[in-house]
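K.L.:
Per the working numbering: the sequence shown ends with 345, consecutive numbering throughout.
Structure incoming, see below.
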Amino acid sequence: MVFEGLRDRIDAVRERIHSAAARSGRNPQEIKLIAVTKVFPVDAILEGYDAGLRDFGENYVQEFEGKAPRVSGLEGARFHLIGHLQSNKTRKAAELFQVVHTVDSAKLARRLDDTGTPLDVLIEVKLSHEETKSGADAAEIEGIVETLRAAKHVRLTGLMTVPPWSEDAELSRPYFARLRAMAEQFHLPELSMGMSNDMEVAIEEGATWVRVGTALFGRRIKA
Ligand SMILES: *Cc1c(COP(=O)(O)O)cnc(C)c1O
Numbered sequence: 123m124v125f126e127g128l129r130d131r132i133d134a135v136r137e138r139i140h141s142a143a144a145r146s147g148r149n150p151q152e153i154k155l156i157a158v159t160k161v162f163p164v165d166a167i168l169e170g171y172d173a174g175l176r177d178f179g180e181n182y183v184q185e186f187e188g189k190a191p192r193v194s195g196l197e198g199a200r201f202h203l204i205g206h207l208q209s210n211k212t213r214k215a216a217e218l219f220q221v222v223h224t225v226d227s228a229k230l231a232r233r234l235d236d237t238g239t240p241l242d243v244l245i246e247v248k249l250s251h252e253e254t255k256s257g258a259d260a261a262e263i264e265g266i267v268e269t270l271r272a273a274k275h276v277r278l279t280g281l282m283t284v285p286p287w288s289e290d291a292e293l294s295r296p297y298f299a300r301l302r303a304m305a306e307q308f309h310l311p312e313l314s315m316g317m318s319n320d321m322e323v324a325i326e327e328g329a330t331w332v333r334v335g336t337a338l339f340g341r342r343i344k345a
């Protein structure tokens with residue numbers, strides 16, 4: 123065991139999800155947990171799988187390519203790309219992942235569809251003005267939605283966002299509320315939002331996928 127106490131931490135995260143769902147009158151089954159294993163060794167996925175986790179999030183195509191041979195046989199496991207995708211890596215990403223949360227342009231959407239892979243995708247929306255954040259501007263979403271609705275292979279399921287990081291989870295709330303309003307506008311069922319520090323607020327605002335790393339595996343040394 124590399125990740126001592128992982129089962130207890132999974133229980134604690136599930137408990138947080140349950141109480142946030144209960145508080146907001148939601149069915150906890152609607153909220154799915156993605157265990158974010160970026161930067162950690164492949165043991166995070168293997169031990170998480172043994173402990174019952176099935177959805178895993180990675181940020182970098184190249185990093186996950188190194189782990190993939192050790193985890194490709196895990197039955198029922200699903201791998202989510204939650205980091206920025208460069209258009210020259212679409213083919214590799216489509217091979218390695220089942221869900222891509224970070225489509226941020228019509229061009230990227232078309233390139234993913236051109237791989238002919240039946241992927242689930244979400245559009246990453248940039249709702250803050252931080253220069254370094256990836257994601258499509260709100261004004262571009264409609265065009266990307268149209269491109270994806272016309273796609274043959276990839277299937278648009280929802281929207282994703284990463285608000286500016288803050289100690290105070292309440293500061294994420296307006297971003298989550300805006301993402302939810304946009305998803306309703308386009309009739310999209312899935313909302314990928316909420317991380318270790320703000321998952322409760324995200325659930326209160328309608329999250330269906332929460333992406334949790336630190337609360338499960340501890341602090342990352344780099345990145
Ligand atoms: C790293 C990362 C997470 C997990 O963040 P934690 O604070 O460790 O839970 C979630 N989503 C994205 C997009 C990330 O890059």
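In this text, a Cβ means the ideal position worked out from N, Cα and C, and glycines have one as well.
For Gly170, count neighbouring Cβ atoms within 10 angstroms of its own Cβ and tell me buried if that reaches 16, exposed if not.
P.N.:
buried
K.L.:
Please confirm whether Arg145 and Glu292 have their CB atoms less than 9 Å apart.
P.N.:
no
K.L.:
Quick check: the Cα distance between Arg131 and Leu270, rounded to an integer number of angstroms?
P.N.:
37 Å
K.L.:
If I follow the unbroken alpha helix (DSSP H) through Ser141, where does it start and stop?
P.N.:
128-145
K.L.:
On a Cα-Cα basis, can you pick out the residue from Lys160, Val222, Gly340 that is closest to Glu312?
P.N.:
For Glu312, the closest alpha carbon among the candidates Lys160, Val222, Gly340 is that of Val222.
K.L.:
Using beta-carbon positions only, say whether Asp235 and Gln220 come within less than 9 Å of one another.
P.N.:
no
K.L.:
Check whether the Cβ atoms of Val158 and Arg333 lie closer than 9 Å to each other.
P.N.:
yes
K.L.:
How far does the alpha helix (DSSP H) with Lys248 in it extend, from its first residue to its last?
P.N.:
Segment 242-248 is the beta strand (DSSP E) holding Lys248; no alpha helix (DSSP H) there.
K.L.:
Output needed for Val323: all residues of its chain with C-beta closer than 6 Å, excluding positions within five of it in sequence on either side, in chain order.
P.N.:
Ala291, Ser294, Arg295
K.L.:
Measure the alpha-carbon distance for Gln208 versus Val247 and round it to whole angstroms.
P.N.:
Per the coordinates, the alpha-carbon of Gln208 lies some 16 Å from the alpha-carbon of Val247.
K.L.:
Is there contact between the stretch 171-188 and the stretch 127-141, where contact requires at least three CB pairs shorter than 8 Å?
P.N.:
yes
K.L.:
Going by the CB atoms, is the gap between Met304 and Ile266 shorter than 9 Å?
P.N.:
no
K.L.:
Does at least one heavy atom of ligand 1 sit under 8 Å from the Cβ of Arg333?
P.N.:
True, at least one ligand heavy atom lies under 8 Å from that Cβ.
K.L.:
State buried or exposed for Glu137, treating a residue as buried only when at least 16 other CB atoms are found within 10 Å of its CB.
P.N.:
exposed
K.L.:
By DSSP's criteria, Ser314 is part of a beta bridge. Which residues make up the other side?
P.N.:
Met282, Trp331
K.L.:
Excluding the 5 residues flanking Leu218 on each side, which residues of the same chain have their C-beta closer than 6 Å to its C-beta?
P.N.:
Phe186, Ala190
K.L.:
Arg302 and Gly280 look like a contact to me (Cβ under 8 Å); what is the Cβ gap, rounded to whole Å?
P.N.:
About 10 Å; that fails the 8 Å criterion.
K.L.:
Please state whether the Cβ-Cβ distance between Ser256 and Thr224 is less than 9 Å.
P.N.:
yes
K.L.:
Would Val243 pass as an interface residue toward chain C - the criterion being a Cβ-Cβ separation below 9 Å?
P.N.:
The displayed structure is made up of one protein chain only, and chain C is not part of it.
K.L.:
Is Gly179 helix, strand or coil when you go by DSSP?
P.N.:
Note: Gly179 maps to strand in three-state DSSP.
K.L.:
Please look up how many angstroms separate the CB atoms of Asp177 and Arg200, rounded, as I've assumed it's under 8 Å.
P.N.:
5 Å
K.L.:
I'd like the span of the beta strand (DSSP E) that includes Val221, first residue to last.
P.N.:
For Val221, the enclosing beta strand (DSSP E) covers residues 221-225.
K.L.:
So is the beta-carbon of Thr336 under 8 Å away from any non-hydrogen atom of ligand 1?
P.N.:
yes
K.L.:
By the three-class DSSP mapping on this structure, what secondary structure does Ala337 have?
P.N.:
In the three-state reduction of the DSSP assignment, Ala337 falls in the helix class.
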